[in-house]
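Counting from 70, one number per residue, gives the positions in the sequence shown under the working numbering. Where a beta carbon is used, it is the ideal one built from N, C-alpha and C, also for glycine. Every value quoted in this text rests on a predicted model; they were computed, and no experiment measured them.
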Amino acid sequence: MSTILFQVEGSIARIKLNRPEVKNAFNDALVAELADALKAVEKSPVVRVVILSGEGDFFCAGADLNWMKSFVGASRKKNEEDARRLAKLLQHLNELKKPTIAQVHGAAIGGGVGLLAACDVVVAQENTVFALAEVKLGLIPAVISPFVIARMGGSASRRYFLTGERITADVALRTGLIQESVPAEKLQATTEEIARHLITSGPEAVKHAKELVRKVSPQAAAGVQAYTVRKIASLRAGAEAQEGMKAFLEKRKPSWNVS
Numbered sequence: 070m071s072t073i074l075f076q077v078e079g080s081i082a083r084i085k086l087n088r089p090e091v092k093n094a095f096n097d098a099l100v101a102e103l104a105d106a107l108k109a110v111e112k113s114p115v116v117r118v119v120i121l122s123g124e125g126d127f128f129c130a131g132a133d134l135n136w137m138k139s140f141v142g143a144s145r146k147k148n149e150e151d152a153r154r155l156a157k158l159l160q161h162l163n164e165l166k167k168p169t170i171a172q173v174h175g176a177a178i179g180g181g182v183g184l185l186a187a188c189d190v191v192v193a194q195e196n197t198v199f200a201l202a203e204v205k206l207g208l209i210p211a212v213i214s215p216f217v218i219a220r221m222g223g224s225a226s227r228r229y230f231l232t233g234e235r236i237t238a239d240v241a242l243r244t245g246l247i248q249e250s251v252p253a254e255k256l257q258a259t260t261e262e263i264a265r266h267l268i269t270s271g272p273e274a275v276k277h278a279k280e281l282v283r284k285v286s287p288q289a290a291a292g293v294q295a296y297t298v299r300k301i302a303s304l305r306a307g308a309e310a311q312e313g314m315k316a317f318l319e320k321r322k323p324s325w326n327v328s
């Protein structure tokens with residue numbers, strides 16, 4: 070694997086995003102390799118806990134610039150295919166039968182927020198910055214929305230989906246996006262402590278407890294994934310998002326931003 074580091078230590082599987090040169094941003098290869106790693110974890114008879122983290126200074130900066138370029142001028146069908154691959158990855162992570170911990174530092178932007186939101190437990194370094202900045206590009210966080218709303222709730226999502234403003238670790242903790250905010254020197258130890266708690270829980274009970282939360286969640290409506298994929302694809306192919314993405318790639322303000 071070229072975009073992630075994957076190893077199993079005892080009963081813990083460690084998956085680390087490994088594109089530090091682009092702040093661990095998503096591209097097709099990263100999505101595919103994460104999907105393969107999750108399949109391997111699912112089949113493993115020894116893995117009891119999964120820890121997801123990022124190499125370098127960031128957890129995950131969202132979409133890779135070169136990946137974004139492929140959305141500019143792309144057909145709605147192409148946009149739906151790309152969105153569906155990411156949606157399936159997040160759904161698999163969310164429904165993984167093994168408990169998952171996101172160990173977050175630096176920043177989590179856009180799809181990076183979706184990735185951590187699909188995990189069971191999120192431990193973040195106290196100076197981590199989060200953002201759902203898709204609206205700045207004329208887009209919306211459609212594919213990640215079921216997982217983010219399930220964590221932050223409708224009230225916080227109404228604000229941050231619309232404003233795209235940065236979210237501090239304190240706000241992320243208060244809204245439930247993360248569950249722990251700790252100093253840098255305690256990040257690893259806190260993650261390992263939670264992993265130890267999970268390992269002492271019955272594996273069958275953990276699997277069914279995860280299913281219980283999903284089934285009872287108000288976000289468990291049928292057809293959500295198909296709706297989010299269609300929504301983001303239609304917006305990406307539209308004039309506003311095309312202008313927003315071009316402006317971002319060209320390092321200029323989009324036409325609607327007159328500030």
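Which residues DSSP lists as bridging residue i, in chain order
{"i": "F75", "result": "I84"}
{"i": "T260", "result": "Answer is none; T260 lacks a bridge partner."}
{"i": "L103", "result": "In DSSP, L103 forms no bridge with anything."}
{"i": "S122", "result": "K85"}
{"i": "E249", "result": "V192"}
{"i": "F95", "result": "A132"}
{"i": "T169", "result": "V119"}
{"i": "I178", "result": "A200"}
Distance, residue j Cα to residue i Cα
{"i": "V118", "j": "F75", "result": "13 Å"}
{"i": "A132", "j": "K284", "result": "30 Å"}
{"i": "P323", "j": "P210", "result": "18 Å"}
{"i": "V110", "j": "T72", "result": "17 Å"}
{"i": "A278", "j": "Q160", "result": "17 Å"}
{"i": "I178", "j": "S122", "result": "14 Å"}
{"i": "D126", "j": "A171", "result": "15 Å"}
{"i": "E254", "j": "I120", "result": "17 Å"}
{"i": "K167", "j": "L267", "result": "10 Å"}
{"i": "G233", "j": "A200", "result": "6 Å"}
{"i": "K92", "j": "G313", "result": "21 Å"}
{"i": "E149", "j": "K108", "result": "23 Å"}
{"i": "S226", "j": "V191", "result": "18 Å"}
{"i": "L281", "j": "A152", "result": "27 Å"}
{"i": "N135", "j": "G180", "result": "15 Å"}
{"i": "R235", "j": "G175", "result": "13 Å"}
{"i": "S224", "j": "T297", "result": "19 Å"}
{"i": "F317", "j": "Q311", "result": "10 Å"}
{"i": "Y229", "j": "A94", "result": "21 Å"}
{"i": "G245", "j": "N96", "result": "28 Å"}
{"i": "A82", "j": "N326", "result": "45 Å"}
{"i": "G307", "j": "A130", "result": "24 Å"}
{"i": "V275", "j": "L165", "result": "11 Å"}
{"i": "A143", "j": "M137", "result": "10 Å"}
{"i": "I84", "j": "A106", "result": "8 Å"}
Cβ-based neighbour list, residue i, same chain, cut-off 6 Å, excluding 5 preceding and 5 following
{"i": "S250", "result": "A193, E195, A238 and L242"}
{"i": "K300", "result": "A211"}
{"i": "R305", "result": "F140 and N148"}
{"i": "R220", "result": "A186, G245 and L246"}
8 Å Cβ shell around residue i - same chain, five flanking residues per side excluded
{"i": "V115", "result": "V77, G79 and S80"}
{"i": "L231", "result": "V204"}
{"i": "V293", "result": "P215"}
{"i": "V173", "result": "S122, G123, F128, L185, V191, V192, A193, Q194, T197 and I247"}
{"i": "D189", "result": "P168, T169, I170 and K279"}
Contacts around residue i, its chain only, beta-carbon distance under 7 Å, and the 5 residues preceding and following it disregarded
{"i": "N87", "result": "T72, I73, L74 and E124"}
{"i": "N163", "result": "A187 and F216"}
{"i": "P272", "result": "R117"}
{"i": "P252", "result": "E195"}
{"i": "K365", "result": "Given a span of 70 to 328 for the chain in the structure shown, any question on residue 365 remains unanswerable."}
{"i": "A302", "result": "R145, N148, E149 and A152"}
Are there three or more Cβ pairs, one per stretch, closer than 8 Å when the stretch 214-231 is compared with the stretch 176-187? With contact defined as three or more Cβ pairs closer than 8 Å, the stretch 214-231 and the stretch 176-187 are in contact.
Mind the definition here: the stretch 256-267 touches the stretch 204-214 only if three or more C-beta pairs lie below 8 Å; say whether that holds. Judged by Cβ distances under 8 Å, the stretch 256-267 makes no contact with the stretch 204-214, as fewer than three pairs qualify.
Indicate whether the contact test is met: 3 or more Cβ pairs, each with one atom in the stretch 152-168 and one in the stretch 83-102, closer than 8 Å. Short answer: they touch.
For the stretch 191-237, list the beta strand (DSSP E) runs that are entirely contained and at least 3 residues long, ordered along the chain. Complete beta strand (DSSP E) runs here, min 3: 198-200 and 235-237.
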